[in-house]
Ligand SMILES: Cc1cc2nc3c(=O)[nH]c(=O)nc-3n(C[C@H](O)[C@H](O)[C@H](O)COP(=O)(O)OP(=O)(O)OC[C@H]3O[C@@H](n4cnc5c(N)ncnc54)[C@H](O)[C@@H]3O)c2cc1C
Ligand SMILES: Cc1cc2nc3c(=O)[nH]c(=O)nc-3n(C[C@H](O)[C@H](O)[C@H](O)COP(=O)(O)OP(=O)(O)OC[C@H]3O[C@@H](n4cnc5c(N)ncnc54)[C@H](O)[C@@H]3O)c2cc1C
Ligand SMILES: CC(C)(COP(=O)(O)OP(=O)(O)OC[C@H]1O[C@@H](n2cnc3c(N)ncnc32)[C@H](O)[C@@H]1OP(=O)(O)O)[C@@H](O)C(=O)NCCC(=O)NCCS
Ligand SMILES: CC(C)(COP(=O)(O)OP(=O)(O)OC[C@H]1O[C@@H](n2cnc3c(N)ncnc32)[C@H](O)[C@@H]1OP(=O)(O)O)[C@@H](O)C(=O)NCCC(=O)NCCS
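Chains as they are written, first to last, in the numbering used here: chain A, 15 to 564; chain B, 15 to 564.
Here's what the structure looks like:
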């Protein structure tokens with residue numbers, strides 16, 4: 015007999031499940047419940063409509079209930095909320111939000127793709143009209159209406175995750191002055207701090223009032239003035255507050271039904287995306303996933319995984335057994351002109367776990383330097399120290415970042431090591447790349463460390479150096495000194511290093527540095543092969559060091 | 015004792031070998047011989063300086079002999095030609111081209127990176143001044159001087175490989191009218207014909223006079239008029255002829271020394287890039303490589319492989335044994351606004367070998383359709399039929415082509431299959447991609463064919479269909495018919511298909527089609543599950559079909 019499948023949630027995960035179910039089976043009975051007014055909308059596009067980058071609101075409505083019905087023969091019920099699951103009898107209680115009526119549907123299989131809610135901390139004053147969160151079309155409409163119909167000159171965005179930063183950019187794009195408040199000492203927590211420094215600096219050059227290491231304490235209203243009060247005591251007068259400090263998985267339904275909840279607070283599922291009840295699947299932002307790299311439970315609320323999980327759940331329901339192997343958290347954002355991206359594990363997480371890893375930083379151009387318009391990007395690779403297996407990658411640049419993070423994400427997914435990166439044959443002609451792509455170059459630089467050709471030093475270590483023991487050797491050209499120098503450096507340009515070796519003391523440690531690390535490496539090689547035993551090359555060079563300090 | 019290494023050729027492969035050798039060993043004696051005036055120049059940038067896209071000629075000189083000497087302590091000898099190798103005594107005879115003197119250098123290891131020469135067929139009239147080939151700085155200067163100092167209004171480019179097409183674009187960019195002459199029925203032979211059709215059409219819209227399936231027979235000069243005469247008899251009056259019909263590996267030195275030459279005419283090397291003499295390495299355009307996919311001998315003259323081989327040869331010379339595992343031929347070009355790219359095997363090559371493969375075509379946007387500026391690309395995936403292992407990929411589009419070809423190239427290098435593509439977790443935010451990236455989508459579409467959910471039909475088959483047996487079912491919307499239709503199609507819009515099944519004859523074959531293949535697939539699924547046994551979906555849809563026919 016044909017299966018009856020009920021899906022809770024009609025957007026990324028839910029609608030994808032429904033469409034795939036229908037393609038696999040014409041016979042299945044498919045009911046999709048959505049408590050909101052819209053299904054299949056582009057959550058990820060919401061900030062851009064607020065910012066008037068996407069002008070036409072309709073563009074965001076990828077599917078309407080009518081179209082979904084016509085094409086896929088899905089029984090789409092908007093403004094219908096699932097309120098209770100009776101696992102025993104395999105029934106689900108539903109509330110028609112238009113008339114308040116309660117009714118019941120039976121199911122053979124149930125799919126929960128209920129998403130997540132923006133977190134609203136219980137702080138004083140956050141309940142006023144001018145404090146918004148952004149999750150769906152309704153939220154977007156509210157914010158946009160407020161902007162369109164009021165004199166709004168300043169906004170505070172609370173939370174420096176990618177949604178917060180996209181909102182910041184879009185509000186700035188509309189001409190607002192913007193402040194960002196972020197409790198941690200950096201935005202975008204999937205990247206490590208030194209990589210994000212460049213993003214901080216870029217935002218500052220765009221006029222963003224950046225408040226790091228400071229949290230929101232309250233919102234106060236005085237006459238018609240509004241103030242965001244920070245934990246530090248700082249008061250920011252503003253017209254609009256956007257809260258984007260993270261999301262909480264929507265698990266009420268699952269919890270009430272006694273389904274297992276994971277340690278991270280998401281609904282627990284097995285590799286087939288089945289909950290603790292094999293007739294109930296759960297997907298998307300509501301679930302706990304396995305982190306693909308660490309293999310630990312995690313929550314990674316992203317659209318790519320939600321859509322893919324929807325397809326896999328549909329396949330499993332239809333008996334085409336398929337495993338979901340975990341989420342890497344590959345992500346990217348455009349923040350003004352700068353693009354940070356990451357995939358896999360961050361250094362800080364591995365450090366916290368005392369994992370044995372190694373790091374390399376390089377700077378490379380998006381395409382051949384001699385072809386007009388080339389732009390630099392900084393890449394960081396994190397790999398398992400003994401085997402060289404790649405654990406994580408981070409890139410901050412302007413153009414071509416998305417390409418390299420996707421190649422590195424593919425490398426992680428297939429458990430490649432640093433030597434595999436050396437061999438990748440990536441497309442090269444001058445407008446698109448270099449004969450040695452930045453990804454190859456990461457492999458070369460990492461391979462050299464692995465093979466002991468050079469040892470890296472890191473920006474964090476410089477503050478603790480004993481100047482009696484360790485010499486910072488700046489091997490850049492004379493003219494580059496104008497860009498600044500690390501304190502107490504000895505300056506010998508690379509091309510005269512071989513002629514000046516006798517002026518150096520072989521008993522000391524030398525930390526070579528250039529702008530980005532390439533020439534520092536060559537200098538290190540020269541020293542190491544001329545009787546200097548303690549030599550390291552500053553990873554990322556002066557450029558990275560300076561970015562962190564700025 | 016320190017090794018003495020002599021390198022023949024000072025550009026892509028040679029200079030890379032020299033630089034890596036020095037970084038590994040300060041002690042080695044390194045002599046780099048280059049018969050031309052320049053070392054380390056950007057071959058790939060030459061067309062763009064002619065086209066004045068790269069304005070400053072110096073940009074192309076990546077390294078000068080002086081700089082290479084200063085930084086890497088390499089004994090660089092420009093205008094010195096290697097003329098003979100005495101393998102017995104391990105000596106190489108060198109001619110100083112400035113004074114004609116001959117002298118000898120001994121070597122421990124010799125590296126041949128002598129490149130290739132443009133082919134000049136022995137046809138009448140090709141020896142006049144106005145017929146050029148392009149390989150090095152000198153060639154570039156000659157062409158550019160001719161353009162700068164003469165009234166040049168029209169050019170003929172002979173050969174539609176990527177260098178020919180880049181020249182075409184650059185001459186057009188300088189304001190010339192351009193004709194292309196290509197013996198085969200398509201340009202860019204690494205792509206299959208249906209994919210290249212879009213490139214042909216794009217070139218025509220740019221005003222290129224495209225002469226396919228026609229070869230050059232002669233060049234004639236009458237008074238001061240010049241004509242390119244084609245095999246068909248067509249005469250094209252022109253001011254300038256660029257010959258780019260391929261290159262011939264420079265193997266004289268190797269041949270004279272009795273080194274083995276491969277079946278393809280390149281110098282034969284083993285996995286360590288050693289020639290048949292273990293003290294002589296050869297790399298770059300001069301060698302025969304193993305095709306990574308077919309495992310057969312091939313010649314693939316590209317800069318990425320040349321540079322990587324240089325590094326590997328250096329490592330092997332220094333005792334850090336490393337294998338070169340073959341070349342995939344990943345390549346890309348920008349031709350006006352369109353970007354064709356490919357990696358791995360083409361369908362035509364597999365067909366010629368009766369290999370068991372399957373093909374899928376899809377069209378996808380470079381980034382979310384709702385974000386401004388999204389552009390479509392056509393992707394073709396070729397995979398091994400039984401195991402699903404990916405053999406080749408081709409993409410033609412405008413933006414984001416380079417990213418997808420690099421991911422697919424990485425997939426081929428690591429012997430991934432079509433299901434692996436489904437799982438790749440690629441970076442998504444609206445300016446950069448989609449929740450289901452085009453690469454995932456290729457995996458989905460191929461997986462459906464593999465699993466028998468749908469069977470594809472191909473454009474080549476349509477001409478041979480028996481209209482009594484097979485019905486072409488156009489399931490597009492009414493409004494799309496304005497774009498044209500395949501002759502003798504039956505039109506039923508997808509959304510009314512379920513209601514019209516009774517009008518269709520279950521004994522006939524149905525070939526469904528939409529614009530690109532997605533809705534055609536949904537239609538095929540509906541039919542297949544409603545008692546229709548013979549159903550196929552037109553791969554690439556009407557768009558691809560039309561591109562081939564235009
Ligand atoms: C502003 C914004 C920008 C984003 N940008 C990106 C990005 O650039 N890249 C990226 O990868 N991800 C992005 N995301 C995240 C991405 O949108 C989510 O990961 C994805 O939508 C999760 O899919 P889901 O199906 O789990 O939840 P949702 O898409 O949120 O769908 C859940 C639906 O379930 C409904 N529902 C919940 N409970 C019930 C119930 N009991 N009965 C009926 N219906 C119910 C909800 O109303 C909701 O519509 C963004 C998210 C937001 C909000
Ligand atoms: C116009 C043009 C555009 C290109 N665009 C691209 C592109 O976009 N992407 C890509 O991947 N590839 C491209 N290539 C190909 C790429 O440049 C070659 O694959 C690469 O340069 C090969 O390196 P090689 O060291 O083998 O040869 P070369 O770089 O040509 O170097 C060989 C050198 O050896 C010297 N030599 C030869 N014999 C002797 C001797 N007996 N004694 C002394 N010296 C000798 C020659 O003078 C020559 O300078 C392009 C090539 C050209 C010409
Ligand atoms: C709109 C929505 C319902 C579409 O779901 P979908 O139909 O599964 O997805 P697509 O329209 O991308 O189509 C994908 C299908 O087309 C097939 N396909 C695509 N191009 C094809 C082609 N040229 N030929 C054959 N098949 C093709 C794929 O194989 C896939 O089918 P499968 O899953 O059965 O293998 C769902 O994506 C959605 O709700 N999106 C909006 C919400 C959202 O995702 N938000 C977060 C991101 S902003
Ligand atoms: C100029 C030329 C000699 C440079 O060769 P090269 O020094 O090997 O190459 P690069 O300058 O890119 O440097 C690569 C080295 O820097 C290292 N490196 C790069 N960035 C680094 C960083 N930030 N930190 C540490 N090391 C770094 C790499 O590991 C690699 O060293 P390795 O090979 O010892 O591992 C050679 O590329 C050339 O002749 N190019 C022009 C000709 C040509 O290629 N033509 C065809 C294309 S147009």
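The beta-carbon is built from N, C-alpha and C at its ideal position, and this holds for glycine as well.
Looking at the DSSP output, residue 224 of chain A bridges to A/194. Listed along chain A, the residues sitting closer than 8 angstroms to residue 430 of chain B by beta-carbon distance are 428. Per DSSP, the continuous alpha helix (DSSP H) segment holding residue 452 of chain A begins and ends at 452-464. A direct Cα-Cα distance of roughly 49 angstroms separates residue 317 of chain B from residue 480 of chain B.
Scanning chain B for C-beta atoms nearer than 7 angstroms to the C-beta of residue 37 of chain A yields 536, 539, reported in chain order. In the structure shown, residue 437 of chain B adopts helical secondary structure according to DSSP, grouped into three states.
Rounded to the nearest angstrom, the Cβ distance from residue 232 of chain A to residue 156 of chain A is 22 angstroms, too far for a contact under 8 angstroms. Not flagged as an interface residue toward chain A: residue 528 of chain B, since no C-beta distance is shorter than 7 angstroms. Within the same chain, Cβ atoms closer than 6 angstroms to the Cβ of residue 187 of chain B are found at 65, the five residues on either side in sequence being excluded.
Bridge pairing for residue 355 of chain A: A/346, A/409 [DSSP].
Distance from the C-beta of residue 35 of chain B to the nearest heavy atom of ligand 4 is not below 6 angstroms. Contact annotation, residue 202 of chain B with residue 60 of chain B: C-beta distance approximately 19 angstroms; criterion of less than 8 angstroms not satisfied.
Between the segment 363-374 of chain A and the segment 394-402 of chain A there are three or more C-beta pairs closer than 8 angstroms, enough to call the two in contact. Nearest to residue 527 of chain A by C-alpha distance, out of A/179, A/559, A/132, is A/559. Using a Cβ distance threshold of 7 angstroms, residue 95 of chain A and residue 49 of chain A count as a contacting pair. By the criterion of a C-beta distance shorter than 8 angstroms, residue 534 of chain A is surrounded in its chain by 489, 526, 527, 528, 551, 552, 555, once the five residues flanking it on both sides are discounted. In this structure, residue 241 of chain B sits away from residue 151 of chain B, with a CB-CB distance that is not shorter than 7 angstroms.
Take the alpha-carbon of residue 523 of chain B and the one of residue 471 of chain B: they are about 11 angstroms apart.
DSSP places residue 43 of chain B inside the beta strand (DSSP E), whose first and last residues are 43-48. For residue 318 of chain B, at least one C-beta of chain A is nearer than 7 angstroms to its own C-beta.
Cβ neighbours of residue 245 of chain A within its own chain (closer than 7 angstroms, five residues either side excluded): 228, 229, 231. Taken atom to atom, the span from the alpha-carbon of residue 292 of chain B to that of residue 339 of chain B is near 18 angstroms.
When the beta-carbon positions are compared, residue 160 of chain A and residue 68 of chain B stay at least 7 angstroms from each other. In the three-state DSSP reduction, residue 30 of chain A falls in the helix class (H, G or I). In the three-state reduction of the DSSP assignment, residue 61 of chain B falls in the helix class. Between ligand 2 and the CB of residue 315 of chain B, the shortest heavy atom gap is smaller than 6 angstroms.
Note: residue 239 of chain B is bridge-paired with B/236 in the DSSP secondary-structure output.
Three or more beta-carbon pairs separated by less than 8 angstroms link the segment 132-147 of chain B to the segment 247-265 of chain B, which places the two stretches in contact. For a Cβ distance threshold of 7 angstroms, residue set 439, 440, 441 of chain B lies close to residue 344 of chain A, ordered along the chain. Looking at the DSSP output, residue 484 of chain A bridges to A/523. In the structure shown, residue 262 of chain B falls within a strand segment according to DSSP collapsed to helix, strand and coil. Every beta strand (DSSP E) of 3 residues or more that sits fully in the segment 275-301 of chain B is shown, in chain order, as 294-296. Between residue 212 of chain B and residue 561 of chain B, the C-beta gap is smaller than 7 angstroms, which places the two residues in contact. The C-beta of residue 501 of chain A has fewer than 16 other C-beta atoms within 10 Å across all chains shown, which makes the residue exposed.
In this structure, residue 391 of chain B sits near residue 415 of chain B, with a CB-CB distance shorter than 7 angstroms. Not a single heavy atom of ligand 2 lies less than 6 angstroms from the C-beta of residue 137 of chain A.
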